[in-house]
Structure formats: C-alpha cells, structure tokens
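First up is the structure itself, then whatever we jot down about it.
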Amino acid sequence: FMTAVTKEIMSLYRVDGIFSNRWDGSGLCYCEHCVKNFRAASGLALPRPGDHESESYFQYTVWRQKRLFELWRLWDAEIKKINPGAAFIANAGGGALSDLDMKTIGELAPTLFADRQARRGLMPPWMNGKNGKEYRATMGRKAIGGIFSMGVEEPYRWKDSVQGAEEIRLWVADGIAHDLRPWFTKFNAKVIDHRWTKVIEDIYGWHHANERYLRNEQSLARVALVYSQQTATFYGGGQARAKVEDHALGFYQALIEARVPFDMVHDQLLGQVSQYKTLILPNIAALSNAQCEQLRAFVRNGGSLIATHETSLYDEWGKRRADFGLADLFGASYAGRVDRDVHNSYLNIERENGAYHPLVRGLEDATRIINGLNWVHTKPAGAAGPRPLTLVPSYPDLPMEQVWARVPHTDTPGAYVRQHGAGRVVYFPFDLDRTFWEVLSPDHGRLLRNALAWVHAEEQPLQVTGAGVLDVSLWSQKNSVTAHLVNLTNPMLMKGPVREVIPSPPQTVHLRVPAGRKIKQVSLLVSRRKPTTRIQGQSVTIELPSIGLHEVIAVDC
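The sequence shown begins at -10 in this note's numbering and counts up by one.
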C-alpha cells in the first residue's frame, strides 16, 4: 500500500524526494504477516517483548534490518522510475543504540538528517555535535543535516511555545561545529509565540554569510572514538544504554574537557582509519576476528589504542570468547570472571624505579583513587609491563568500625600500558569511562586524558589553553581551515536549558594547517574582532580575550 502511496505522490506533485518519518514501525509487530514472514525466514516464533537474550531475538534483529532495507530500496527505486533525480530518505540512523546499520544507511542515503530537535533531561548540549560525528562516520562527504525546533523535545513535545533563545543557539552551534547543516522544523503552520523568529533569522543569516567556511571537505582530527551497533545489539541487548552507550558518553565527556578535536568511527569501517593516530574503544565488547585483525594492522602501522572493560571479549554475535580477541595487543588475558556492582574498591597509584608513569600524572600525591564499579579479572599475557595502577579489593563501607582495607596492596594491574611495535596501547580492565560518566570523578577524567596523551605521542593539530569547558573541532575546506570553539562554560551544561551566555575567560589557540598550505589571513567569523596572531610556518597562535557562545577561527590558506 505504501508503495502505491509513494508513487502517487511522486506522479502528482513531482517532489524532489520523500523524507519518511516513523516508516519502520513501532516495535515488535505480531500481525499474521510478520509472524508468517519471520517464521519462513528463521524457522522461529517471534521473540516476546523484553526478550533480548534468545536466539529468536538475535534472528529477529537480523531479519528486521534486512526487511526494512528491502523496503528502502523498493521505495527508492519506484521514486527514481518517476524522477531519476529524487530519492527516498528515511528518518533513520544515529549512534550505537540505533536500530538500523549505519554503514548500510551511509551507502543508501544521498543525505541524512539527525532528528534530535532539542535536548531534554540530563542531556548535555554536545549531544547535537555527537549526532553529527556519528552520521559523518558513515556518510562520507555527503551533506548531513541537524533537525532542530523551537519547542521542547519528547516526551512532552510542547511545540507551540519556545525554548530560550540562548538554548536554541547553543544547540545549533554545537551541531554546526561538527558539520551538521541546520534544518529548522516548525510543527503547525501558525506562529503563535513569535520569540523564536529572530533567533532562527540570526542563525541562518550567519550561516549564509559564512557558507564558504562551512563547506567542510575533511576533518583534521587525529583521534577517533569507535562506536559499535553490533556491541549494543548482541552484547548490550536490553541493557545497551548502561553497558555500551554510557561508556562512550564518559569518554566523550573526557575528550570535551581535554579540548581534543576528535571524530567518531563506525566499527564496520575499521579498515578505513589510516588518517587517525589513535583509536578509542569504550567497551567495544563485540568484535569479529576480522575486526580484531583490522585493529592489529592499525597498531602495526603505527597507530595507538585505548580500550576499556570487556572490549573484544565477545565475538560479533555477543558470544563470550575464552580470551580477549585483542589479548596480544592488551598484554592481558581474561582470567575467567567479571565482578559486577563492585563497592568500595580502589586503585593504588604506584611508583616504579622511583618514578611515576605519565598515565598517573597529576595524581602523584593521591596515593589511592576510587575504582570503577565493574571489574574484569585479568592476568598478564607476555612480558610484564609497568603497573602505574594496582587494585585494592572491595571491603566493607559500613559499619564505620569495619571500614578498613583487608588487602591494602596487590600486584593486580588496574591498567595495562605498553609499547606494541610502532604503536602504543592502554587497556583498562574496568569500566573507567562508564563510571566517569556516572560520578564525574576528576581523577577518572584525568586518567582518561593522560591515557590519550601517552598513547597519542604527537602534538594535536588544535590546542586551546584557558579556563572553562569548550567543545572544539578542526576542519579543512577548499581554500581554508576553520577551528570551531563552542563555549559550554555554563551552570546549565549538564541539564538545560541555558538561561544566559557566560563569556569564557581568555583563550590561547594554536592550530596547524596541513602541509603544503600557506597561511594568508586569519579572521574571527562570529565576534568579527581583529585577532592577535603569531604565524610561524604552518602554525598560527591566536589570542582570544573571550568567547561568547561560539567562535570560528577561519584561516585562509
């Protein structure tokens, strides 16, 4: 029926394309057709609601994707028979928790739109930029859009009154910083609350005026955070948000605080990561043998890895291996047990040969820091390396007279830190990144940042020094390089909406343009101030007295 509707629309109205919302159903369907078709494909009955562990669920996940992509290809083909230049564009895609394979979507979709119209709950404003990075990971150089609206997002969906102006500006600015083209949507053709119209006019006026600096051809980031839909589906199942996504969010927050430009990489494209020096694997538990080999090749070629918790302990179908698929890179083997919900456990800061490892820089006077909540029992594999962190096992936290460590010191590594050929690897056998997202301990954030600094071992192409929280990115265009600095320094960072823009303290920005380019001019696209600059060869240093909500440094070269 929908095929006939699609053909009728194309024939009568000659539209350029059909963007289809809610085209993929509303969860498990038990109509006679789904029951019959699934049994014919798998020989099984449909899984029951909430069943995320059975063979039926795994088979259903594969069958559902196959069926939806069949429909996508069918409708796109019928559209093109009527108008070869038009396309079917599904409202689909996103990160690890998305239902449909982003690699396939990237191959099918001529463009894609991130339908995250505003933030809600405890969502930070950088989530809009995260959407852009996830889409860019599989869409190549195709245009991607970020849908935003002036109303409040789900579940309440108040669409006829507005969020605050600065909240809208911040959400859109972070999307633009990570290559989303703004796509404003208005529910209901009547303008009842007029306060949003000037905001939208300003956003599009600025975007149009600076369009040539926003036609990004390549990210210049040298760090990438891997995301894995197969890990979320076949390992995470019904707990995917806590077991998979929260790890990624924790590392993402640490990278924001470190002001490191970074991309995201889909785990089905690990063979196409030569532009990066470092890959981060935040509990990417489910990896195939082929994917593990791609990561080995990356390290053999001089790349570096950071991995956490159960990374590579499961195959691509979520079946536990006898040992890590990447045990040789980690220098660690699985010792047969994972402790969950660990309470009152710690990590000792160790000194070897009178010196502290760079992994614990800034923690030298701590002696002991809190552990994560989930711990993989491991044993060293191969030659012993440095042990900058060691485990203090869990002990009672009540009653108070019982709060003392039964085993105050062990030689159990809390991190495996090693040079592996031309690359470097750090493996944390606990959920450091997920725990950081939950409790935001500064010590955990420092460990994550130190791990990156040690494995990366090269100067970042963009460095921003100063107080505050900034989300940064670095892009190359045909005749320019642009650095985006989004000022997140705000008490409403972790729960909106933003009430006012609080200008940042002074910032020093140092950026390097690609080899072969000559720096001709530096300008500020938002404040329009004349910047104080120092140019030396391929690098330029810019002094910024302050950043309002967003600044873009444009380097013509």
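The C-beta atom is built at its ideal place from N, Cα and C for all residues, glycine as well.
8 Å CB neighbourhood of residue i in its chain, flanking five on each side removed
i      : result
Asp252 : Lys122, Arg125, Ala126, Ser208, Ala210, Val212, Ala213, Leu214 and Tyr265
Tyr202 : Gln466, Ser469, Thr471, Leu514, Val541 and Ala543
Glu200 : none
Tyr19  : Leu35
Ala311 : Tyr323
Trp172 : Phe102, Gly134, Gly135, Ile136 and Phe137
DSSP beta-bridge partners of residue i
i      : result
Val212 : Phe251 and Thr267
Phe77  : Ile7
Gly95  : Per DSSP, none; premise fails for Gly95.
Thr367 : Tyr323
Asp354 : For Asp354, which the question treats as bridged, DSSP gives no partner whatsoever.
Val529 : Leu500 and Ile524
Ile338 : Leu378
Gly194 : In the DSSP output, where bridge partners are listed per residue, Gly194 has none listed.
Asn476 : Leu459
Ile359 : Tyr335
Trp464 : Ser208 and Thr471
Phe173 : Phe137
Leu294 : Leu268 and Val414
Tyr19  : Tyr19 pairs with nothing; no bridge assigned.
His539 : Val475
Phe102 : Gly134
Pro402 : Thr379
Ala275 : Tyr303
6 Å Cβ shell around residue i - same chain, five flanking residues per side excluded
i       : result
Lys(-4) : Glu67
Asn120  : Ala103 and Arg105
Arg329  : Asn363
Ile181  : Asp149
Tyr145  : none
Glu353  : Tyr345
Ala296  : Leu270 and Tyr416
Val151  : Met139, Asp182, Arg184 and Trp185
Tyr303  : Tyr224, Ala274, Ala275 and Arg309
DSSP state of residue i mapped onto helix, strand, coil
i      : result
Val511 : strand
Asp545 : strand
Pro431 : helix
Trp443 : helix
Tyr416 : strand
Ala373 : coil
Leu284 : helix
Pro347 : helix
Gly121 : helix
Asp328 : strand
Tyr384 : coil
Leu436 : helix
Ile157 : helix
Leu451 : strand
Val487 : coil
Leu63  : helix
Arg395 : coil
Val51  : helix
Proximity of residue i and residue j at Cβ, strictly below 8 Å
i      : j      : result
Asn476 : Val487 : no
Val349 : Pro418 : no
Pro375 : His346 : yes
Ile536 : Gln496 : yes
His445 : Ala162 : no
Arg413 : Ala247 : no
Ala98  : Gly6   : no
Gly320 : Pro377 : no
Leu111 : Met483 : yes
Leu380 : Gly403 : yes
Trp52  : Ala79  : no
Asn205 : Trp160 : no
Val498 : Leu463 : no
Asn333 : Asp386 : yes
Glu143 : Arg109 : yes
Asn360 : Val331 : yes
Cut-off 7 Å between Cβ atoms - residues of its own chain near residue i, not counting five sequence neighbours on either side
i      : result
Ala237 : Ala85, Leu214, Tyr216 and Pro271
Lys509 : Asp545 and Cys546
Gly307 : Phe223, Tyr224 and Ala275
Glu42  : Gly226
Gly14  : none
Ala504 : Gln527
Ala355 : Ile338 and Asp432
Pair every Cβ in the stretch 272 to 280 with every Cβ in the stretch 444 to 453, then say whether three or more of these pairs are closer than 8 Å. no
The stretch 409 to 426 / the stretch 241 to 249 touching (three or more Cβ pairs under 8 Å): yes
Hey, is the stretch 385 to 398 in contact with the stretch 318 to 327, meaning 3+ C-beta pairs nearer than 8 Å? no
For the stretch 129 to 145 against the stretch 154 to 168, are there 3 or more C-beta pairs whose distance is under 8 Å? With a cut-off of 8 Å, the stretch 154 to 168 and the stretch 129 to 145 count as touching, because enough Cβ pairs lie within range.
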